[in-house]
Structure formats: C-alpha cells, structure tokens
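Okay, structure first, notes after.
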Amino acid sequence: MAPDMAPDVDAQRLAAEQRARMLIDRQLTAAGWAVQDKKDLNLFAAQGVAVREIVMKAGHGRVDYLLYVDKRAVGVIEAKPEGTTLSGVEWQSSIYADGLPAAVRLRAVLRDGRLPFVFEASGSETHFTNGFDPDPRARHLFNVPKPATLARILREADADPERPTWRAKVRHLPALDEAPLRPAQIDAISGVERSLAEQRYGRSLIQMATGAGKTYTAVTLSYRLLKWGGFGRILFLVDRNNLADQTLAELQNYRTPGENRRFTELYNVDKVRRAGMADSTKVAVSTIQRVFMALRGQDVADADDQSIDTYIPDKPVDVVYNPDLPPEAFDLIIVDEAHRSIYGVWRRVLEYFDAHIVGLTATPGKQTFGFFQQNLVSEYTYPESVADGVNVDFDLYRIRTQITEQGSTIEAGTIVPKVDRRTRVQRLEALDDDLDYTRTQLDRAVTSTSQIRTVLATFRDKLFTEIFPGRTTVPKTLIFAKDDAHAEEIVTTVREVFGKGNDFAAKITYSAARPKEQLQTFRTSPTLRIAVTVDMIATGTDVRPLECVFFMRDVRSAQYFEQMKGRGARTISPADFQSVTPDAEVKTRFVLVDAIGVTEHPFVQPPLNREKTVPLKKLLDKAANLTLTEDDAATLASRLAKLELELTPAERAELDSVAGTPIKDVVRGLVEAVDPDRQAKAVEGAADPAAAIRSLIENAVEPVAANPELRNRIIELRRTHDRVVDEVSVDTLLDAHGVVDTDRARTIVESWQAYLDEHRDEITAIQLMGEARERSVAYSDLQELANRIARPPYNWTPDLIWNSYVALEVPHHPGAGKQARSRRSLTDLVSLLRYTLGTDDQLVPYAERVRERYAGWLVQQEQAGVRFTDIERWWLDRMVSVIASSAGITPDDLDEAPFTERGGIDGALRDLGDRAADLLDELNKELTA
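With my numbering applied, the sequence shown corresponds to residues 5 to 933, in that order.
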C-alpha cells in the first residue's frame, strides 16, 4: 500500500498519467532522490537523480524517468495511471532499459548490455526488477529504494560479478554443519535455504514443536545468510518484549561453526528502538507493535510495557513510508511464534518491507498457512518431539467444582466486598437485587474466593497421592490466571492453602515488581515452587524444571493453548532438575491440570499416554500378537519414550543393540503410525481404510513384535527403574537374629545354574566360557553379564552368588571362605562361571588364580634361562595387578596409572625393549585362561 498523498484541488484536474507522475515524484523525493527535468539536469545535486522525460535512442521512445546514482545512469521508471496492471507494461520498460542514447551510455552501468534497475510505477503501486538477480523477475515494492540502496547493490555486484545479489549467493551456500543440530533443525534450515534458492515463494513457514529449538534454528540460519548468503540485515520479531531479551541471549551465546566465535563478536545485534538504526546493526530484535511505532517515527522504550506488547488494534493497520526505516531496511524477517494476529491486523507492517519472511511456529492456523502461500518447508510435531526425547509427554488431571461449572447466586441484601478495578480500593456494599452470575463471568465480573480455594486445596490434597504419587516436594507449577486481579487472588490463596510464605509462590506478570528477576528465580530456586501469570510466560519462555501447567482460565485459540501447554514440555538434565526439585530423579512427563474445562475444546489433542491403566507388559504382549489398537500404539510410544529418558547411557546402548536400531527410531515409528496426517495419506484411495491404518500400526510395531529378546529386555529395564512406595501396609517384626539361610543359598545357586543354561546362547561371557575351557573373557562381557543379573527379578551380585556357594560349603580356596574379604570383584564372575560350568573343581578368587599362575610362569621363565631385572619386574608386577582386576590388559592401559609414573607406553618400550608387546600377549594368554 502506498503513502496517503491526497492530491490538492489543482492536481485533481490533471490527467491520470500526470497525476501518477506527481505521486511518483513525491515518492522519489521522500526516498532522497533529486527529481529534475532534462533542461535542469545537475548530476551533482544528490547521490540519486531522477530525470523526467528522456528521449532514448531511435525506436525506443521516451522514458518517463531515467535514474542516475553517483552520476551514472543505472535504471528507468515507466509511469502508468493508477489502476494499470503493471506486469502488462514490463515489455515497455524493458525496451527503455535497452535503449540508452550513445552519449548517456558512456556514463552508464550496464548488465548484459542494458540498465540493471527497471521500475514500473503508478503512484499507488511499484514493481522492481533487479537485473543482477539470477532469472530477474519483477517484485512489488512499497516505495522506490533510496539511492544509497542501489549504490550498495552496485558495489556488491562489482565485488562479486558472478553472484552479485543474495538471490544468487543462496544458490551456492556451503554445506550445513549438522553436528550441533537435531534432525528437525537440519530439515528446517535446509528447507528455508532451498526455498530461498528456488525463489518460488517470498515466504517460508517452519512448523516446529515447542521446545524443539526454533530460536537456535533461526540463529544458525541467520549466521549462514549473513556470512555466505549476501544478506545485509535481519529483523527478528518475537511475541513479547521479554522474549526479545531471551533471543538476544541466544544470539550472544551462539558459537559459530569452525571459528567458535560468539555471534555478537561478528555481527552487531540490537533492539529496534526508533526508526533510524546504526548501519552496523546486522540483526534487529523487536515485536511487531514496536516496529509499527518505529515506522510512525515514535521512540521505542526498551522496558517491558504490556500496553504496547499486548496491543491488538480493532482493524488492520496502515503504514506510510519512512525514509529512516525504508522497505529495503531488511533482507530477511524471522517471525518467531508465527501464529497470532501478526498475519491479520498487523499484516501491512510485514508487507511494507522488501524481505523474505520466515515464520516459526508450533501450531499454524489457516490464516498462517494462507499468509505463507502454503509454503511449509519443514514440519516437526509435538508427538514426534516426544518420540525423539526433545520434549516429554503429558498427563491430564481435571478438577471440577460446582461454581466453576454452573456459577452461583448471591442473594439481595448480602453485604459483599467490591473492588475498584483501577485502584484496587475495596469497599463494602449491600446488594439491592439477587446477583446471578454464570461460569463465564467468574473471575471477570465476580470473584469467588471459595471457588479459588476449593480448586487449590484439591490440588494440594491430590498432589502427592494421585498427581505425583510418592513425591514430597511441590513440583514447579505455573498457574494461568484470567487477569492481573485474578492472579493476585490466586497467589494469595496458594500461600494460605499450602501454609507457606512469600518465597513459595509469586505472581509473575508485567505489573509485578521485577518480573524478569522473578522469572529467573522461578527457573533456578528450590524455594519458589509456584508461579502465577497471565500472559508473560505464556509463549516462548523456558522454565525447564516445570512439571505442572495449571489452567484457571479458559483459552479459545488452539495456537495459544499449545504455546501455553508447551511451557511444561521442556526436557532438562537430571542434575539440573534435581538441583531445584530434590526429590525428583528424571523429568519424564508433565501434568496439565485443568480447573476450567480448557482441555474439553475439540482442538485439544490427547497425550500419547492414552491408556494409563494398561501395564507395559500387556502392551508388549499385544504388540507381539499384533492386536494393538491406535490408542495402544500411542501409549506404547509414550511408555518407551519415558523409559528411554530414564536409562543410563550404558543401558540405552544395550537396548539399542538388542533392538538393532536406536529405540528412539522405534518410538518415532509408532508416533508416525498414529499421526492423523500420515493416516490420511495411507487411507487415500484405499479400498479398506481401517485395514490401511492397521497396516501402518503393524509395520511400526514390527521391531518390537518380531524381537522377543527386546520385549524381555524392556521389561527388565522397566523393573530396574521402577520403585513402588507402599504407604498402606503396616509391617510387624517377626524375628531378628543372625543365621545362615542355606535354603535361600541353595535357591540362589540353583537359579544361577538355570540362568546360565537358559542364556548360554545370548550372553557372550557364558558362550566363551562354555565353548572352550581355556578361553579368556573380556571385561566388557563380564560387565554385560553383571548388568543383566543385577536387574529384577534376579537382583544378583557376584557377592551374593559367591557367598551362597560358600554357605553351601562347596570346595573353595582358602581365600574364598567366610573369613576372607566379603566384597567380590567383577572379575570373580570368571571364577563363578568356571566352577559352575565344571571347568574348575573349587572356587578360587580370580585375583588369587592370577597370582598363582604368575608365580608359576616366573618359575618357567627362570628354568628356561630368562631372568628379569628389578626394573622389568616393576612393569610385569603391575601388569599382573591390572589383569587381576580387569581380566586382561591392553597396550592402552600402559598409558594409565600406575604406568604413567615411568613414561607409559614409551617407558615400557624403553625398559622392556622389543619384548614389550610379546610379554603383554603372553601374560594375557597364560594368566587369564
């Protein structure tokens, strides 16, 4: 839309084309061009000079405007009356660009023999074709660019003639460094860069689940486009001013690939404060409201101001040209959380700029898709993020009260407190009439203190029995209130209901004192457990330890609800989690507490964990029998994702090995099988839609259904990480005395023998010991066996099995008896295997056997005429100690203590000479068999 340049009375009498030229003159002048007639030509008048009515060479007519920059002809403008379809006159302006008179041609910049900058304009519309672009194409501009802008384009073309503009450079970007990125981030960046290179759309939309790293994705993209893509300046729009600080921090902390320098060391980053920005600013961060203020020439304060950041006008805004913030000010606009009114009433602000627009959102609506021309370059849903361990799943907990559902009545004559909304001054007043209020009026026209207290007391009473059973510390909880007054009532009642002080619960809203400091405290303090907010923490703000998202207000926007829900979805490392919530171990879920009915809207998607009462084993059995329903498949995905978060790295590697693929991929397959979009594609054209969906689920569950060992291992690991707290049963002492329970010892020994027989073909340590009596067993294989037997239902340790044998008085070495050290090492599993499998006729501690064999080996060496010096014995004795504790020794062990005292591997080669490697091999062979 062009500026409002209503003509005066005289101008109304001009012909339509003359009127268009008058409007174009004004636009050129506003952009800093000196507009002249041919007879008044003065190329020294300004950097940019637009000369009217220039006759071109024969056969090329008369051009309306010939443009000069730095005294050289660079472009033309073809003027047409308002209402003319400008694409229909591109042929005419193209003729002018080709038809410079010979005299002018001497002082012209040419691209392929013609002027590079071609405009068509009507005063209300401007089209621009940049001849330096690959496949030059006209695009709509709000106003003719400033002369300095065209001068910059010319300088860049001189510096890189092969790739003069960003539209050329983005076709030759270097390969993306994928190491620090998640797959979804790689897809998003690659999708935008592909869209930029293809130039089929002027806008790109990224759908990425909350918590999946949208801002980091945008910063990585920005760095690549600034460094290699030829982009001059980027505008980063956020939803709230407090999120601008978070974005600035992300930019400041970003480390560039290769150079490992901070983003802000290379590029100046600032907030939009007013229209004029420093030329050095490469990334400007703002909200759409503040950019609108800057376009209007208003100063923009840095402080949070709810009246600015939450302002939504009643009708779409109009903008006018501002030379301090011209349309060409930005090459790229990134809109974070691109889902709200920004594409409705604020749309003209975005369209003012000549920039490619990238939208980032977790939940795009129809209007968003429409604005972005359906150009969805990547998609990453919330269930997929749960499957990948990026986010956690959630459970629903519903609290209903009579007043919440039905409202209430206050009888006439009742004296009630009335609160002035503006001053919060309270007065007492008797009601003249009965006051009936509905659920929708609750906490807006009427505040029911009983309703607030009942809801919060129920939350308190159910917290440690139903919502987070077994816990004792109130989980980090975020309560959404309807407005600031409602938030005030809630935070006061929370403190009373829980019997806690000010540091337990706080209101974090724009009107609260030091809200940013309070928000940081909520993130990190073990004391502040409950925060009450309205909008300030609703979108984009990370509070990773959050486990409860509590709705005491309704939300009717699917996009806004998903953003609010997403506050609880973030994962967090166990150490960081435990530092603020001491009685927690791993964050594997969050709970959405609904006290208002928000989750009953049709747009609310259920959690993956839909069948909460079905045990994991039953789900795995149904998977094996291929009888999983869609809800079962989603629930199995949720349970496996939760288990994957709880596993140690070693357990995760073990489970991945048994599965033959990362368990995350198995979960991802299940999630994709229940995804509505993928199901819609599967049933498209299918004769039996139900069968097509069943086939999707069967294919997804195949890695589990076809792998009994994987199912068993999942149950083993689940039992390892499960701990049931019995708070109901009352125990009674039966007896207390010292005794050796031979029956229990016999049961353990028999179970151990049966276990070796059952698992002989799948556990490497058992295989090796059984195949050949003189085979040695690697330490990693012993560790695998120890881990397997330590899990339920066995819960065995080498100590337990060893002492059970000793209790049964089996033949054993003196060092293995009851008076010997009771703590057995992992390598003693070798001795247990040898005795149980019949290789040895008595139990001998592994270290004792190694020492005995070493003594025998030294005698053999001496009989063979080999004598070792004291220095050589120092090395050999310590090698034997490592073998005794680790079931073997490798050359790498020589670079660890105690060998590093004498130079590690180099010292061994120095003191043992060429025999070093042979001695290492011989000791391994003779002592470990």
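A virtual CB, placed ideally from N, CA and C, is assigned to each residue, including glycine.
- If you check the CB distance, residue 238 and residue 287 come in under 9 Å.
- Taking residue 418 as reference, the option from 164, 70, 439 and 318 with the minimal CA-CA separation is 439.
- Residue 760 sits away from residue 802, with the two beta carbons spaced by 9 Å or more.
- Residue 766 counts as exposed, since fewer than 16 other beta carbons sit within 10 angstroms of its beta carbon.
- Contact between the stretch 595–606 and the stretch 499–519 is absent, with fewer than three C-beta pairs closer than 8 Å.
- For residue 337, the enclosing beta strand (DSSP E) starts and ends at 336–340.
- Look at the beta carbons and you see the stretch 294–304 not touching the stretch 111–129: under three pairs across the two are nearer than 8 Å.
- Residue 95 places its beta carbon 9 Å or farther from that of residue 71.
- Taken through DSSP and simplified to helix, strand or coil, residue 751 comes out as helix.
- The shortest C-alpha to C-alpha distance from residue 500 to any of 458, 572 and 903 is the one to 458.
- Assignment of alpha helix (DSSP H) within the stretch 243–296, counting only whole runs of 4 or more residues, yields 245–257 and 267–270 in chain order.
- Assignment of residue 629 by DSSP, reduced to helix, strand and coil, places it in the coil class.
- Only residues of its own chain outside the window of five on either side were considered, and among them none has a CB closer than 6 Å to the CB of residue 46.
- When the five nearest sequence neighbours on each side are left out, the beta carbons in the same chain lying within less than 7 Å of the beta carbon of residue 627 are those of 640, 705, 708 and 709, in order along the chain.
- Between residue 536 and residue 482, the C-beta gap is smaller than 9 Å, which places the two residues in contact.
- With 16 or more other Cβ atoms inside 10 Å of its own Cβ, residue 88 counts as buried.
- Contact between residue 81 and residue 28 holds, with the beta-carbon distance rounding to 7 Å and staying under 8 Å.
- Ranked by how close their Cα comes to the Cα of residue 204, the residues 589, 253, 138 and 262 have 138 in first place.
- In this structure the stretch 237–252 does not lie against the stretch 407–415, because fewer than three pairs of beta carbons, one per stretch, are closer than 8 Å.
- The residue from 502, 568, 837 and 889 with its alpha-carbon nearest to that of residue 852 is 889.
- The stretch 632–646 makes contact with the stretch 682–701: 3 or more CB pairs, one atom from each, lie closer than 8 Å.
- Taking the C-beta atoms as reference points, residue 393 is found nearer than 9 Å to residue 668.
- With fewer than 16 other Cβ atoms inside 10 Å of its own Cβ, residue 616 counts as exposed.
- Of the candidates 932, 608 and 577, the residue whose Cα lies closest to the Cα of residue 560 is 608.
- Look at residue 208 here: in three-state DSSP terms it is strand.
- DSSP, read as helix, strand or coil, puts residue 197 in helix.
- The C-beta separation of residue 611 from residue 576 comes to about 19 Å, leaving the pair out of contact by the 8 Å criterion.
- Within the same chain, Cβ atoms closer than 6 Å to the Cβ of residue 244 are found at 313, the five residues on either side in sequence being excluded.
- In the structure shown, residue 759 adopts helical secondary structure according to DSSP, grouped into three states.
- If you check the CB distance, residue 382 and residue 191 come in under 9 Å.
- Residue pairing by DSSP places residue 511 opposite 536 in a beta bridge.
- According to the DSSP secondary-structure assignment, residue 402 is paired through a beta bridge with 598.
- Looking only at 167, 210 and 255, the smallest Cα-Cα distance to residue 234 is reached by 167.
- Within the same chain, Cβ atoms closer than 7 Å to the Cβ of residue 930 are found at 857 and 861, the five residues on either side in sequence being excluded.
- Secondary-structure assignment with DSSP links residue 238 through a beta bridge to 287 and 336.
- DSSP, reduced to helix, strand and coil, places residue 546 outside both helices and strands of the structure shown, so it counts as coil.
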